[in-house]
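Since the structure comes first, as structure tokens, the remarks are kept for the end.
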Amino acid sequence: MPTAVSLFTGCGGSDAGLLDAGFDIVMANDILPYARDTYLRNLPNTDYVLSSIADIKSFPKVDLLAGCYPCQGFSQGGLRDPVKKINYLYREFDRALRLIKPKAFIVENVSGMIRNDFRHLLNNQLIRFRTAGYRVKWDVLDARHYGVPQERSRLFFVGIRSDLDVCFDFPTPCYETEGATQGLPRCPTIRDAIGDLPLWPDEEEYDRQEFHWYYLSRNRYRGWEDQSRTIVATGRHAPLHPISPKLIRLGTDEWKFENDGPARRLSYREAARLQGFQRDMVFPDTYGTQMRYRVVGNAVPPPVFAAVAKAIPNIW
């Protein structure tokens, strides 16, 4: 069984995908206590190191290195700031890569990094990874093409050590969205993911704040037979549950509910389902609702990470 180290692991989206792809995860790392707590309740057999990556001086020798370093400075969901210190954590990943020298690596990040004003940072990562001795490819993948019922596009880097003389191709889509004509199965819907859950869960499971002007500055509604809007790392901006009235556009950055019917945001448990996590995912009681939204929204959809890992040739 090939082995892996996972960095910037969060609550385990990448690692759930790696396990599905047949990897033994030797070590995981993050700095957020609740991410570790949630991870270990669901994936208890991993050595999870709770620490800043900068404080880790040595790593196990493994076949694959995976990392999903934070990216708030590039995110579509927040203020874009290419000089934020957090944008340079890829340097720590590069340090680990050069120490471990795995046969391959996978990196996930937000698609906003390909914007022209951030392209120098994308190119800097490519240069670092290639000078570390890897053939590197990158692409932006749509999670819906791999069975995740959510509109979520993410950037992936995959590198294979140059001395192995092996090429990598990103996985072809396994599902298609409405209107596509490739003859593939239709991507699962919101109903497929959460249709068995109560329409009105316990109040502590979802954000109950008012729908303020910023929330209504964009269309956050999708119906039962659609895929969800992007799951984010805050309950305040979570997409609407399909039980809610639809939103109608009033003008630029201005929407309103089409009627006064009851409306609510998706719960953190529903968000986890729509990210592709296991249906019975456990959330420890050590932190509250907002932290649960945070770790779910920051995660990588496991089916997408699994598809990328499975596409790596058998170099193990």
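Heads up, the sequence shown is in the numbering used here, so the first residue is 1193 and it goes up one at a time.
For each residue, glycine too, the CB sits at the ideal point set by N, CA and C.
No experiment lies behind these values; they were computed from the predicted model shown.
Local conformation of residue i per DSSP, three classes
| i | result |
| --- | --- |
| Met1193 | coil |
| Leu1439 | strand |
| Glu1284 | helix |
| Gln1342 | strand |
| Lys1293 | coil |
| Arg1456 | coil |
| Ile1531 | Because residue 1531 is not part of the residues shown, which for the chain are 1193 to 1508, the question remains open. |
| Ala1258 | strand |
| Tyr1231 | helix |
| Val1424 | coil |
| Glu1300 | strand |
| Asp1334 | strand |
| Lys1329 | strand |
| Glu1370 | coil |
| Leu1389 | coil |
| Arg1378 | strand |
Cβ neighbour criterion (16 or more within 10 Å) applied to residue i
| i | result |
| --- | --- |
| Ala1463 | buried |
| Cys1359 | exposed |
| Asn1308 | exposed |
| Asp1239 | exposed |
| Val1299 | buried |
| Ala1213 | buried |
| Leu1347 | buried |
| Tyr1280 | exposed |
| Thr1201 | buried |
| Phe1266 | For Phe1266, the predicted structure reports a pLDDT of 49, less than 50, and the residue's modelled location is therefore unreliable. A value from the coordinates is still provided. The residue in question, Phe1266, is buried, as its Cβ has 16 or more Cβ neighbours within 10 Å. |
| Trp1447 | buried |
| Arg1484 | buried |
| Pro1505 | exposed |
Cβ-Cβ distance between residue i and residue j below 9 Å
| i | j | result |
| --- | --- | --- |
| Asp1331 | Ile1382 | no |
| Pro1363 | Ser1459 | no |
| Phe1297 | Phe1251 | no |
| Ala1220 | Tyr1231 | yes |
| Leu1257 | Leu1235 | no |
| Tyr1413 | Pro1390 | no |
| Ala1528 | Phe1469 | This structure cannot settle anything about residue 1528, because the visible part of the chain is limited to 1193 through 1508. |
| Tyr1261 | Leu1211 | no |
| Arg1336 | Arg1344 | yes |
| Ala1529 | Gly1209 | Examination of residue 1529 is not possible in this model, given that the chain is present from 1193 through 1508 alone. |
Bridge-paired residues (DSSP) for residue i
| i | result |
| --- | --- |
| Asp1216 | Thr1195 |
| Phe1449 | Leu1439 |
| Leu1211 | Answer is none; Leu1211 lacks a bridge partner. |
| Tyr1240 | Ala1220 |
| Tyr1479 | Tyr1479 is not bridged to any residue. |
| Arg1461 | In DSSP, Arg1461 forms no bridge with anything. |
| Leu1432 | Arg1457 |
| Leu1347 | Asn1301, Val1332 |
Nearest-angstrom beta carbon gap, residue j and residue i [assumed within contact, 8 Å]
| i | j | result |
| --- | --- | --- |
| Gly1443 | Gln1482 | About 31 Å separates the two Cβ atoms, so there is no contact after all. |
| Ala1508 | Pro1194 | The amino acid at residue 1508 is misidentified as Ala; the sequence shows Trp. With 8 Å as the limit, Trp1508 and Pro1194 qualify as a contact, their Cβ atoms being about 4 Å apart. |
| Phe1321 | Asp1286 | 7 Å |
Neighbour flag for residue i against chain D, beta carbons, 9 Å
| i | result |
| --- | --- |
| Ile1245 | Of the protein chains in this structure there is only one, and it is not chain D. |
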